[in-house]
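Participant: The sequence shown begins at -1 in the working numbering and counts up one residue at a time.
Ideal Cβ placement from N, Cα and C applies to all residues, glycine included.
Quantities reported herein were computed from a predicted structural model and do not represent experimental measurements.
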Amino acid sequence: MLRILLFILLFSSTSINAQKGFKKKFLGKYEGQIAAYKINSGNHFIDVSSTNVSLIIRKENITFSIGKNEMTGPYIWSKKDKKTILIEFSRPIDETKEIFILTKKTKEIIRQGIYPQPSTTLKKVKKLFYSI
């Protein structure tokens, strides 16, 4: 009896501390555009034109698109402070870590650019419907 009570107490304390799900109001599609930039190849600069970027956040995964490249995979999120949420996504292609910062009030996401790409602001464009 004591073992069962101890097991229930231990199980309930771990489930309380488990990460809660991402709020439904933040799920959906976000779009933006990476501004044009230059890459120093050593001898000269190469111009890279601007490109569209989109992010679809679902309960279980993220679909991240840059131009024609699309990647889907799991993500980790944590509260950075009261106003922002930090979202981390590892690209399945090359394991590069993408970092997104979601501002709760404006529902905008800042994608921190991977050098030499500039940071980009993504705005929520439409709601997606999910089965819960």
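Assign F87 to one of three DSSP states: helix, strand, or coil.
Facilitator: In this structure, F87 counts as strand in the three-state DSSP scheme.
Participant: Consult DSSP for F24 and reduce its assignment to one of helix, strand or coil.
Facilitator: Correct three-state label for F24: helix.
Participant: Going by beta-carbon coordinates alone, are E91 and M69 separated by less than 8 Å?
Facilitator: Checking the displayed sequence, the identity of residue 91 turns out to be Ile instead of Glu. Cβ atoms of I91 and M69: closer than 8 Å.
Participant: By alpha-carbon positions, which one of I32, I55, T94 ends up nearest to T49?
Facilitator: Checked all of I32, I55, T94; the closest Cα to T49 is I32.
Participant: Note the first and the last residue of the continuous beta strand (DSSP E) segment covering G71.
Facilitator: Unbroken beta strand (DSSP E) run through G71: 67 to 71.
Participant: Is F87 buried or exposed, if buried means 16 or more other CB atoms sit within 10 Å of its CB?
Facilitator: It counts as buried.
Participant: Would you say the region 94 to 113 touches the region 48 to 68, given that touching needs at least three Cβ pairs under 8 Å?
Facilitator: Yes, they touch.
Participant: Do the region 28 to 47 and the region 114 to 122 make contact, defined as three or more Cβ pairs closer than 8 Å?
Facilitator: Yes, the region 28 to 47 touches the region 114 to 122.
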